[in-house]
Amino acid sequence: MENLEKEQIVQDLLPQEFGKQGKIWVACLVTLCLIGFAAYCHQLSKGLVVTAMRDYASWGIYISNFVFFVAISLVGSLITAVLRLTDVHWSTPLTRIAEIIAVSAITFASIIIVVDMGRPDRFYNLFLHGRLQSPIVWDVIVITTYFFISLLLLYFPLLPDLKIMLKYKERTSKWMYKLYTFLGSFWKDKPEQFSLSNKAINILSITIIPVAFSIHTVTSWLFATTYRPGWDSTNFGAYFISGAFLVGSGGVLVAMYVFRSHYKLQKYITYDHFDKMGKVVVMLALLYLYFNVNEFLVPAFKMKKPEEEHLKGLFTGEFAPIFWFAITTSMLLPILILIYKKGRRPFPAFIAGILVVIGSWFKRYIIVTPTLLHPFLPMRDVPANYHHYFPTWEEWAICIGSLAGALLVITFFARIFPIIPIHETITETEEHEHDKK
Amino acid sequence: MEMNEKSTSRREFLTAGLLAGGLAVVAGCSSKKSPFDPEAGDQVAASGEKVKLLSVDGEIIEVDKAFLKPVPDLPQVSNEAARIGIPGKKFAMVIDLSRCKSLKKCQTACNHMHHIHPGQNWIKVYPMQDAEHTSPYWQPTTCMHCDEPPCVKVCPVDATFKRQDGIVLIDSDRCIGCRFCMAACPYSTRVFNWEEPGLTKEIADKPYSCETSVPQKKGTVGKCDFCPDMVRKGSLPHCVSACPNGVFFFGDMLEDSVTNGSETFRFSDLIKDKAGYRLMEDLGTKPSVYYLPPVNRNFPFEKHDEEDSTENKSTSKS
Ligand code: SF4
Ligand code: SF4
Chain A
1 MENLEKEQIV QDLLPQEFGK QGKIWVACLV TLCLIGFAAY CHQLSKGLVV TAMRDYASWG
61 IYISNFVFFV AISLVGSLIT AVLRLTDVHW STPLTRIAEI IAVSAITFAS IIIVVDMGRP
121 DRFYNLFLHG RLQSPIVWDV IVITTYFFIS LLLLYFPLLP DLKIMLKYKE RTSKWMYKLY
181 TFLGSFWKDK PEQFSLSNKA INILSITIIP VAFSIHTVTS WLFATTYRPG WDSTNFGAYF
241 ISGAFLVGSG GVLVAMYVFR SHYKLQKYIT YDHFDKMGKV VVMLALLYLY FNVNEFLVPA
301 FKMKKPEEEH LKGLFTGEFA PIFWFAITTS MLLPILILIY KKGRRPFPAF IAGILVVIGS
361 WFKRYIIVTP TLLHPFLPMR DVPANYHHYF PTWEEWAICI GSLAGALLVI TFFARIFPII
421 PIHETITETE EHEHDKK
Chain B
438 MEMNEKSTSR REFLTAGLLA GGLAVVAGCS SKKSPFDPEA GDQVAASGEK VKLLSVDGEI
498 IEVDKAFLKP VPDLPQVSNE AARIGIPGKK FAMVIDLSRC KSLKKCQTAC NHMHHIHPGQ
558 NWIKVYPMQD AEHTSPYWQP TTCMHCDEPP CVKVCPVDAT FKRQDGIVLI DSDRCIGCRF
618 CMAACPYSTR VFNWEEPGLT KEIADKPYSC ETSVPQKKGT VGKCDFCPDM VRKGSLPHCV
678 SACPNGVFFF GDMLEDSVTN GSETFRFSDL IKDKAGYRLM EDLGTKPSVY YLPPVNRNFP
738 FEKHDEEDST ENKSTSKS
């Protein structure tokens with residue numbers, strides 16, 4: 001009886017080949033990536049002049065996209081590390097989803113930051129002449145660290161699953177079999193190996209928390225270390241981190257729904273998971289809302305001269321539509337949906353997740369650009385098109401391409417590896433059975 | 438203008454002095470070949486006409502005129518030397534707002550001498566009005582060459598640096614184009630080369646010098662450099678000599694004197710008597726540029742509105 005169940009779990013969770021839908025999905029993503037790549041080649045030959053960025057709006061959607069990626073990658077540490085250390089077990093089936101979101105997002109964060117550079121050909125200068133006093137160098141250091149820890153956190157729990165997959169040779173193609181062998185043939189399910197791997201995962205889970213906090217705090221410092229109205233805030237680190245946890249959890253809700261319905265994982269990702277994740281998102285949205293009130297109400301109360309123009313631009317001026325759109329979609333609506341038990345069923349939760357992700361992307365835009373367009377001295381002696389910023393098709397293409405690229409990495413990962421940890425699911429079911437008896 | 442002539446003659450004199458110094462050294466080595474030999478083949482015959490020169494040790498010597506070859510410019514200092522700066526100096530600028538009527542000759546001269554991309558400006562002239570009922574005035578801005586420069590603090594690769602003589606410069610051969618310095622500078626003084634800066638081949642092929650900031654390069658930042666190349670030659674920055682109203686004063690704070698070419702003041706007296714101030718003092722950036730308030734003005738404030746239309750015309754192609 002027990003064996004049959006185990007067999008069933010393995011059969012359900014082994015990676016599946018792309019169906020028709022999957023193939024169309026991959027084709028769309030690849031096309032978007034290629035368009036983005038073409039736009040980047042164009043930018044490389046012409047220079048950043050192909051973007052709408054100019055001397056005042058000197059950072060645009062590349063940087064907001066970068067902040068978005070860094071933000072969403074933080075979820076890996078939340079689900080795997082924070083929940084693991086607090087001994088929360090319901091999240092086990094979600095850990096791998098969260099971790100692959102983290103790895104692919106942080107990869108594309110690094111790519112997009114190179115895209116933003118005026119001289120990507122001189123990237124090596126960061127190592128030749130890097131100076132520790134610049135927050136950019138801190139960002140390079142912590143992002144690299146975070147990437148490797150996340151990769152290991154993805155890899156170690158994968159080892160027992162690799163062994164299982166190697167057993168099912170008939171279900172894998174040749175190159176995948178080779179890949180599994182390369183990655184996991186040394187794993188023999190020995191108790192010593194398990195204890196070693198558990199120890200390693202525990203250590204990594206502990207270390208990843210400060211590193212995760214650092215990557216987003218340092219990213220917020222790229223702004224907060226300047227004098228500009230809207231960025232000059234002591235609240236920025238916490239504000240960014242709470243926002244990051246929110247968008248990441250929103251992303252997990254979306255991914256849960258998609259994997260569940262596509263791979264028929266109803267037994268493994270249950271209503272209960274959506275219910276709990278939904279509650280987490282509500283809590284995080286409330287937290288982020290709290291920081292937003294801090295961030296905007298307090299300066300608005302004082303209306304200091306340099307802040308005034310910026311805040312008015314956000315509340316009622318040029319940027320008001322995007323500002324209110326971002327606040328509503330990333331916080332207010334998801335809270336309204338997910339606060340009800342009915343709203344935490346898979347489909348409405350999925351919609352709420354999408355709202356969170358889209359709203360958060362625009363929220364990052366609102367953080368970066370309006371501030372730059374409200375400098376201390378008025379804009380002067382520049383061509384007229386320097387006064388505004390609206391991204392060009394190249395910028396959109398590259399950003400959408402990078403988002404598509406991140407999704408592609410996640411898609412391929414789910415094709416090659418089980419997206420729900422097989423081994424851990426089996427152990428937990430067994431424990432569960434045991435408890436019942 | 439007068440200033441310009443003076444400086445040229447001074448330069449010629451210096452050049453001749455250098456040549457004479459070289460001559461003295463070589464003569465001491467008793468080399469057979471004359472150091473003033475042009476390329477092999479065309480020998481210069483002595484003309485018999487002598488000129489008096491001052492040697493490096495302060496002796497007056499005579500050289501045949503035919504041996505004198507004008508050198509176009511003093512050799513540029515190396516980029517390592519340009520990072521250190523001119524020892525024993527601390528440069529400062531004083532901008533007298535009561536004299537400015539927004540002629541923008543400074544801007545034109547600066548753009549011309551630094552070959553700045555058309556449409557962009559290192560010097561900007563702002564119409565300012567501090568409060569609703571206060572009087573409007575023109576405020577030219579350069580780079581403030583802050584003593585606590587936020588741009589230098591944030592630069593990840595040390596492409597923007599502060600020298601011991603107070604000048605903040607950019608190494609366009611090192612800049613990675615991250616534009617963090619533009620976000621950090623509160624005075625909006627930095628411009629970025631979004632595309633090829635549109636230089637003639639002759640200019641574009643020059644090796645980059647931090648002191649002339651020429652040639653500007655695609656994908657890097659540029660800004661006012663206080664013209665250290667001119668200063669090294671004992672001349673004034675281009676904006677200072679270009680302004681017909683004598684708005685800009687430049688000088689060395691250690692010598693405690695500033696000049697606009699025709700008038701020279703004791704820096705500390707000028708700042709004290711005219712209540713000089715710096716922009717955004719509260720930020721703690723400690724600018725090296727001081728402003729004299731727009732009182733007892735030479736001109737009424739007239740806003741020429743045609744400005745914006747010319748700006749529109751010069752919109753960079755994108
Ligand atoms: S004015 Fe701006 S660019 Fe110049 S030194 Fe100060 S911060 Fe740097
Ligand atoms: S744009 Fe260039 S000068 Fe400015 S911070 Fe980046 S590397 Fe330094």
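Protein chains in written order, with this note's numbering: chain A, 1 to 437; chain B, 438 to 755.
The beta carbon of each residue, even a glycine, is placed where N, CA and C say it ideally should be.
Judged by the Cβ position, residue 581 of chain B qualifies as a neighbour of ligand 1 at the 7 Å threshold, a heavy atom of the ligand being closer than this.
Ligand 2 has no heavy atom closer than 7 Å to the beta-carbon of residue 66 of chain A. Note that the C-beta distance between residue 552 of chain B and residue 674 of chain B is not below 8 Å. Within the same chain, and ignoring the five residues on either side of residue 307 of chain A in sequence, the residues whose Cβ sits closer than 6 Å to its Cβ are 229 and 299. The beta carbon of residue 163 of chain A sits closer than 7 Å to the beta carbons of 184, 187 and 189 from its chain, once the five residues preceding and following it are set aside; these are given in chain order. In the DSSP assignment, the residues bridged to residue 565 of chain B are B/574.
For residue 704 of chain B and residue 500 of chain B, the gap between their C-alpha atoms comes out near 42 Å.
In the assembly as shown, residue 41 of chain A is an exposed residue. Its beta-carbon has fewer than 16 other beta-carbons within 10 Å. At a cut-off of 3 residues, the continuous stretches assigned as beta strand (DSSP E) that sit fully inside the stretch 665-709 of chain B are 685-689, 694-696 and 701-703.
Around the C-beta of residue 253 of chain A, 16 or more other C-beta atoms lie within 10 Å, and the residue is accordingly described as buried. Interface with chain A (8 Å Cβ-Cβ cutoff): residue 631 of chain B is included. Under the criterion of beta carbons closer than 8 Å, residue 584 of chain B and residue 725 of chain B qualify as touching, at roughly 7 Å. Taking a Cβ-Cβ cut-off of 7 Å, the neighbours of residue 129 of chain A in chain B comprise 594, 595 and 611, given in sequence order.
Within 7 Å of the CB of residue 563 of chain B, the CB atoms of chain A belong to 377, 378 and 380, in sequence order along the chain. Along the stretch 703-734 of chain B, the positions whose C-beta sits under 7 Å from a C-beta of chain A are 717 and 720, read in chain order. Look at residue 587 of chain B: its beta carbon is less than 7 Å from one of the heavy atoms in ligand 1. For the 8 Å CB-CB criterion, residue 222 of chain A and residue 120 of chain A do not form a contact. Annotation for residue 546 of chain B: 675, 676, 678 and 679 place their beta carbon closer than 8 Å to its own, counting only its chain and skipping 5 residues before and after. Along the stretch 525-557 of chain B, the beta strand (DSSP E) occurs as fully enclosed runs of 3 or more residues at 528-533, listed in sequence order. For residue 82 of chain A, there is no enclosing alpha helix (DSSP H), as DSSP marks it with neither H nor E. Closest in C-alpha terms to residue 375 of chain A, from the list B/643, B/625, B/639 and B/605, comes B/625.
If you check the CB distance, residue 573 of chain B and residue 587 of chain B do not come in under 8 Å.
Residue 258 of chain A carries a helical assignment under DSSP once its states are collapsed to helix, strand and coil. Residues of chain B whose Cβ lies closer than 7 Å to the Cβ of residue 319 of chain A do not exist; the shortest such Cβ separation is about 18 Å. Shortest gap from the CB of residue 593 of chain B to any heavy atom of ligand 2: under 7 Å.
Within the DSSP secondary-structure output, residue 501 of chain B pairs in a beta bridge with B/487. Collapsing the DSSP output to three states places residue 645 of chain B in coil. In this chain, residue 605 of chain B is not harboured by any alpha helix (DSSP H); it is covered by the beta strand (DSSP E) spanning 605-607. Chain-ordered, the chain A residues with CB closer than 8 Å to the CB of residue 624 of chain B read 376 and 377.
For residue 54 of chain A against residue 386 of chain A, the beta-carbon gap comes to about 4 Å, under 8 Å, which counts as contact.
Not a single CB atom of chain A sits nearer than 8 Å to the CB of residue 502 of chain B.
Among the residues of chain A, those whose CB is under 8 Å from the CB of residue 657 of chain B are 118 and 119, following chain order. In terms of beta-carbon proximity, residue 600 of chain B stays away from the interface with chain A, with every pair separated by 8 Å or more. Listed along the chain, the chain A residues whose CB falls inside 7 Å of the CB of residue 653 of chain B amount to none; the nearest CB is some 12 Å away. Under the rule that a run must span 4 or more residues, the alpha helix (DSSP H) segments found entirely inside the stretch 345-383 of chain A read 346-372.
For residue 167 of chain A, the enclosing alpha helix (DSSP H) has its first and last residue at 159-167.
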